[in-house]
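Per my numbering: the sequence shown = residues 3 to 169.
Just so it is clear, CB atoms sit at the ideal spot from N, CA and C, and this is done for glycine as well.
Reading through the structure tokens given below for one structure.
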Amino acid sequence: GNGKHAPNRDAIAHLKNEIWPRIRHGLPDAVLQVYGAYLPKQILQMDAPAQGFQVKGWAPELQPVLRNSRLLLAPLRFGAGIKGKILKAVAFDLPVMGTTIGFEGILDGHQAHPFIADSVEDFADKAVALYTNPVAWERALALQQKAAGAHINASFDTLTQAMDSYP
3 GNGKHAPNRD AIAHLKNEIW PRIRHGLPDA VLQVYGAYLP KQILQMDAPA
53 QGFQVKGWAP ELQPVLRNSR LLLAPLRFGA GIKGKILKAV AFDLPVMGTT
103 IGFEGILDGH QAHPFIADSV EDFADKAVAL YTNPVAWERA LALQQKAAGA
153 HINASFDTLT QAMDSYP
């Protein structure tokens, strides 16, 4: 996410300091890569390859990054509206482990999902389970694609209409 956006900076710091150590304990060989434009110095300084936490910064093309990933982590603790990072990941067949805030407006209701958690412990445990269990991974992706489909189609329709109306 964009480093100028406070919820993204908070999520990265929360991930690095609280969640990633727990995930890394369960997946000692896993590598987390943080991508985003305009990442501030305090985020860039979190780069710790020996701990499997790599801060990459801006990616010129999103598709290769998402296609070569196993799971998008979005531990957003505040923010409003539908999160584009989640829709983009799902559109590229990448499931998301997120928070209730992250899936706000995408999934209705407060039913339990194996890919939504708001506590550090649950987030880390569920992320490890999704990463290691192909059946859970596929189920999460299918449910997320179904939920995100309306938003993705609406965005695509708007873009198509704008392109069609351009002289």
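Which residue spans inside the segment 92 to 149 form an unbroken beta strand (DSSP E) run of at least 3? Runs of the beta strand (DSSP E) lying entirely within the segment 92 to 149 and spanning at least 3 residues, in chain order: 98 to 100.
Beta-carbon spacing of alanine 32, glycine 54 below 7 Å: One-based indexing of the sequence shown puts residue 32 at position 30. One-based indexing of the sequence shown puts residue 54 at position 52. Alanine 32 is a Cβ neighbour of glycine 54, given a cutoff of 7 Å.
Would the beta-carbon of lysine 87 fall within 7 Å of that of glycine 3? The residue given as residue 87 occupies position 85 in the sequence shown. The residue given as residue 3 occupies position 1 in the sequence shown. Yes, Cβ-Cβ distance for lysine 87 and glycine 3 is below 7 Å.
Are the beta-carbon atoms of valine 57 and leucine 75 separated by less than 7 Å? Here residue 57 refers to the residue found at position 55 when the sequence shown is read from its first residue. Here residue 75 refers to the residue found at position 73 when the sequence shown is read from its first residue. In this structure, valine 57 sits away from leucine 75, with a CB-CB distance that is not shorter than 7 Å.
C-alpha distance - glutamine 44 paired with alanine 8, whole-angstrom precision: For the purposes of this step, residue 44 is identified with residue 42 of the sequence shown, where counting begins at 1. For the purposes of this step, residue 8 is identified with residue 6 of the sequence shown, where counting begins at 1. Rounded to the nearest angstrom, the two C-alpha atoms are 13 Å apart.
Please go through the same chain and pick out, in chain order, the residues whose beta-carbon is closer than 8 Å to the beta-carbon of phenylalanine 158, but skip the five residues on each side of it. Walking along the sequence shown from the start, residue 158 turns up at place 156. Because the pLDDT of phenylalanine 158 is 47, which lies under 50, any placement of that residue in the model is unreliable, and the number read from its coordinates should be weighed accordingly. Excluding positions up to five away in sequence, the list is empty.
Can you tell me whether DSSP reads glutamine 44 as helix, strand or coil? Residue 44 sits at position 42 when you count from the first residue of the sequence shown. DSSP, read as helix, strand or coil, puts glutamine 44 in helix.
For histidine 27 and alanine 15, the rounded distance between their alpha carbons: Here residue 15 refers to the residue found at position 13 when the sequence shown is read from its first residue. Here residue 27 refers to the residue found at position 25 when the sequence shown is read from its first residue. Going from the Cα of alanine 15 to the Cα of histidine 27 covers about 18 Å.
Quick check on DSSP: helix, strand or coil for alanine 32? By one-based count along the sequence shown, residue 32 stands at place 30. Here alanine 32 sits in coil by DSSP.
Rounded straight-line distance, which links the Cα of asparagine 70 to that of aspartate 49: Counting from one through the sequence shown, the residue named residue 49 turns up at place 47. Counting from one through the sequence shown, the residue named residue 70 turns up at place 68. Linking aspartate 49 to asparagine 70 through their CA atoms gives a straight-line distance of about 20 Å.
Count the other C-beta atoms from every protein chain shown that fall within 10 angstroms of the C-beta of glutamine 146, then say buried if there are 16 or more, exposed otherwise. In the sequence shown, the residue the question calls residue 146 occupies position 144. When all chains shown are included, glutamine 146 counts as buried.
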